[in-house]
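Working notes for the structure below.
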Amino acid sequence: MNKAEDKHDNADSINLLKDFQQIDEGGDIFKQMFKYSIIPTIIHDMEMAIINANDSAIREFGYSREDFLKKKIFDLHTESELDHSTEVLNQMQVENKLSVETSFKRKDGSVFIAEATPCKFMLGNKPVIHVFIQDITDRKMAMKKIQQFNTELEKQVSKRTKELKLKNNELESFSYTVSHDLRAPLRAISNYSKILNEDYRSNLDLDGGEIIDLIMKNTTKMSHLIDEILLVSRLDRETAKKQDINMQQVFENAYSDLTEDKGERKIEFKLGKLNNCQADKTMITQLVTNLLSNAIKYTLPRDLSKIEVSNYESEGSCVYVVKDNGVGFDMQYYDRLFNIFERLHKTSDFDGTGVGLSIVRKVIEYHNGTVWAESKLNEGSTFYFSIPI
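Using my numbering, the first residue of the sequence shown is number 2, and each one after it goes up by one.
Below, the structure is given as structure tokens:
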């Protein structure tokens, strides 16, 4: 190190030390540290008369040292704190140390909130109280603002929750009413179409017959759509009734029901050993049925349909996995996947109402779980749903 660098470092050291309070090495070091401590400190006797105070305490309260040493602790308190101060003094009869929150007033009349820590000592044969005083006014004001903010936030959340609940109830009522009201005219269309088909089809040309078939097909589709809407509406009004569910059995039964009339289709169904879960059985059965139904539907173009079910535990939840080798979907449209009436495939390619996955999402929301999916076009899809353990 050269002389210039050494000189620069020495200058930095001097600048660093210039803020240090000078203590006389030949004097009483502990008395000086008491005097120069940045924490306001007062020593008083059991009659509350102030015996000594450091410079920080004198500055905090705004008195001269001479005037300050003529006072009692009671003189420094607000009137509302006098009874509390008496209680603290009584406690000090049996305690060696306390930590209390209190209020003090300065010479100019200003008040501050403090955390006071009184400790008992013997000064010769005389008992005294040594008190550290820390101004916590800013901290208390900040806490008060936070509490006010939290209170206001809770009110806003409660208000928004009520509004959202009211809107949801109105929407549920609307969906339920509309679905029921649609049945009567739909039933009439369906019945008259059947009459036309049975009694007058021979009088129609080829185009007329195809029109009747189209009407009957769409009334059936509409009927299924109404059933789906009613199912969603019922889910909105139900409260989940949790019980221990054998998920192995739920998947087995759902797959068996869905493939009862599979015809010539070749399906390879692998069901791993699944953990049980605590959930509403009716809702979970509907969820599983919808996921397996989709897997069966979208693997239809494959010579061999492959569906695999497994599970694993993650972050306090059991995650169930349904994987298939179907046509998949484009992940750029993922945000539409679980929305009601949304479809990522043409109706001409795969039938459906676009309600199934929205029901899956609703069921999972009721159980405070999560549902998500991964897919690639023509490479299959994997659906995941978690149930808290």
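Think of the CB as a built atom: it goes at the ideal place given N, C-alpha and C, for glycine as much as any other residue.
Three-state secondary structure (DSSP) of residue 76
Residue 76: helix per DSSP, three-state reduction.
Pop quiz: residue 43 and residue 134 are said to be a contact at Cβ under 8 Å. What is the actual Cβ separation, rounded to whole angstroms?
The C-beta distance from residue 43 to residue 134 rounds to 7 Å, short enough to fall under 8 Å.
Would a C-beta distance cut-off of 7 Å place residue 104 and residue 138 closer than the cut-off?
No, they are not a contact pair.
Which residues does DSSP pair with residue 312 in a beta bridge?
Residue 312 pairs with 321.
What is the C-beta distance between residue 291 and residue 357, in whole angstroms, given that I count them as a contact (C-beta under 8 Å)?
With a Cβ gap of about 4 Å, residue 291 and residue 357 count as contacting.
Between which two residues does the alpha helix (DSSP H) holding residue 260 run?
Here residue 260 belongs to no alpha helix (DSSP H), and DSSP marks it neither H nor E.
Could you spell out where the beta strand (DSSP E) holding residue 264 opens and where it closes?
If you look at residue 264, you'll find it isn't in any beta strand (DSSP E); DSSP assigns it neither H nor E.
Use the C-beta contact count for residue 95: other C-beta atoms within 10 angstroms, 16 or more gives buried, fewer gives exposed.
Exposed, by the Cβ-count rule.
Enumerate in chain order the residues of its own chain whose CB-to-CB distance from residue 100 is below 7 Å, with the five nearest sequence positions on each side excluded.
Excluding sequence neighbours, residue 100 sits near 116, 118.
Beta bridge counterpart(s) of residue 123 as assigned by DSSP:
For residue 123, which the question treats as bridged, DSSP gives the partners 128.
Find out if the Cβ-Cβ distance for the pair residue 1, residue 113 is shorter than 7 Å.
Since the first residue shown for the chain is 2 and the last is 390, residue 1 is missing from the structure and cannot be characterised.
Are residue 378 and residue 336 closer than 7 Å when you measure CB to CB?
In this structure, residue 336 does not lie closer than 7 Å to residue 378 by Cβ.
Could you check where the beta strand (DSSP E) with residue 243 kicks off and where it finishes?
Residue 243 -> beta strand (DSSP E) spans 243–246.
What are the boundary residues of the beta strand (DSSP E) that includes residue 285?
Residue 285 -> not in any beta strand (DSSP E); alpha helix (DSSP H) instead, spanning 282–299.
Terminal residues of the alpha helix (DSSP H) in which residue 85 lies
Segment 83–92, the alpha helix (DSSP H) holding residue 85.
What's the call for residue 189, buried or exposed, on a 16-neighbour Cβ count within 10 Å?
Exposed, because fewer than 16 other Cβ atoms sit within 10 Å of the Cβ of residue 189.
Which stretch, first to last residue, makes up the beta strand (DSSP E) that contains residue 203?
For residue 203, there is no enclosing beta strand (DSSP E), as DSSP marks it with neither H nor E.
Length of the line joining the Cα atoms of residue 382 and residue 300
Going from the Cα of residue 382 to the Cα of residue 300 covers about 10 Å.
Around the C-beta of residue 150, are 16 or more other C-beta atoms found within 10 angstroms, so that it is buried, or is it exposed?
Exposed.
Let's see if you can read the secondary structure: which residues bound the alpha helix (DSSP H) around residue 366?
Per DSSP, the continuous alpha helix (DSSP H) segment holding residue 366 begins and ends at 357–367.
Mind the definition here: the segment 268–287 touches the segment 243–257 only if three or more C-beta pairs lie below 8 Å; say whether that holds.
Yes, the segment 268–287 is in contact with the segment 243–257.
Buried or exposed: residue 154, going by 16 or more other Cβ atoms within 10 Å of its Cβ?
Here residue 154 is exposed: its Cβ has fewer than 16 other Cβ atoms, across all protein chains shown, within 10 Å.
Return the CA-CA distance between residue 1 and residue 390, expressed in angstroms with no decimal places.
Residue 1 cannot be examined here, being either before or after the span of the chain that is shown, 2 to 390.
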